[in-house]
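Asker: The structure that follows is given in the form of structure tokens.
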Amino acid sequence: MGARGRRSHRSRAAGQAAPALAAVPAAGAGGPSLASCAEVAVGAGSSKAAVAGRPPRLAPTLEEVLAAVESLYEDELKPFGRILRKRVSERALRSAGAAGEGSCPVPDVDIAHLRAVCESSELLHVEAEEGGDWSAVFVGRKLAFVDIYDLDDAYPAGMWDEAAAYFEGLSGDEMLLPGGRYSCAQALLSREVPFLRGFSLGQACRFV
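With the working numbering as the guide, the letters of the sequence shown map in order to residues 309 to 516.
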């Protein structure tokens with residue numbers, strides 16, 4: 309079976325993608341820190357969202373954005389705007405959990421503010437990408453990202469056999485995986501599946 313056929317087979321195993329986050333009024337440049345849901349709930353521009361029972365839209369600081377970009381470098385993932393937005397949201401949720409706000413909704417990051425923060429920093433180079441997206445990379449830093457859309461099958465046959473055996477052995481809720489390469493790869497890595505042992509998140513995304 310060719311690489312494309314195998315990818316198609318795996319795609320059918322993944323569950324439906326999560327619904328899009330609700331649009332709410334954006335926080336201003338002086339908006340809340342990502343430290344906890346409690347701080348966000350009383351931050352500028354978030355009151356309407358709180359009343360509507362929807363997640364507040366967050367305006368991350370430069371420090372938080374740089375930390376998120378660094379974490380994507382560690383995962384060998386190019387910081388495209390959509391992925392950086394997701395990573396900032398993930399880190400905010402973890403920070404809120406550490407602060408004891410276990411029931412926090414998934415934060416919705418203001419994408420326009422996120423890009424503006426990136427463009428304001430001399431440490432980051434922002435450029436337009438295909439499909440209306442953009443990316444933010446560190447100035448002067450080597451670009452060592454995995455091309456997650458590379459269709460070249462560079463994996464040994466034994467790895468495909470392990471993956472096939474794993475997926476064929478799933479049952480019930482185990483068969484449910486999130487849609488999208490990024491989320492699906494995260495889920496598989498969290499399960500510590502043997503065929504992805506030692507893979508970075510970027511490498512796992514390419515496999516998915």
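Glycine included, every Cβ here is placed at the ideal spot set by N, Cα and C.
For residue 486 and residue 496, I'd like the C-alpha separation in whole angstroms.
Answerer: Cα to Cα, the separation comes out at about 10 Å.
Asker: Kindly list the residues whose CB is nearer than 6 Å to the CB of residue 287, restricted to its own chain and excluding five residues on each side of it in sequence; keep chain order.
Answerer: Nothing can be reported for residue 287: it is not among the residues displayed for the chain, which extend from 309 to 516.
Asker: From this set, 426, 472 and 433, which residue's C-alpha is nearest residue 371's C-alpha?
Answerer: Of 426, 472 and 433, the residue nearest in Cα terms is 426.
Asker: As a quick exercise: from 477, 516 and 482, pick the residue whose alpha carbon is nearest that of residue 494.
Answerer: The shortest Cα separation from residue 494 among 477, 516 and 482 belongs to 516.
Asker: Please report the straight-line C-alpha distance between residue 500 and residue 423, rounded to a whole angstrom.
Answerer: Roughly 34 Å between the two C-alpha positions.
Asker: Short check: CB of residue 417 to CB of residue 397, under 7 Å?
Answerer: Yes; because the gap between Cβ atoms is below 7 Å, this pair is in contact.
Asker: Residue 452 to residue 388, Cα distance in whole Å?
Answerer: Each residue's Cα considered, the two are about 14 Å apart.
Asker: Looking at the secondary structure, which residues open and close the beta strand (DSSP E) in which residue 443 lies?
Answerer: 442-446 is the span of the beta strand (DSSP E), which, as asked, contains residue 443.
Asker: In whole angstroms, give me the CA-to-CA distance for residue 463 and residue 401.
Answerer: Whole-angstrom Cα-Cα distance: 34 Å.
Asker: Please report how far the alpha carbon of residue 404 lies from the alpha carbon of residue 465, in whole angstroms.
Answerer: So the alpha carbons of these two residues sit roughly 43 Å apart.
Asker: List the endpoints of the continuous alpha helix (DSSP H) containing residue 420.
Answerer: Counting along the chain, the alpha helix (DSSP H) containing residue 420 begins and ends at 419-428.
Asker: Which residue or residues does DSSP assign as beta-bridge partners of residue 366?
Answerer: Answer by DSSP bridge pairing, in chain order: 417.
Asker: In whole angstroms, what separates the C-alpha of residue 475 from that of residue 432?
Answerer: Residue 475 and residue 432: Cα-Cα distance of roughly 40 Å.
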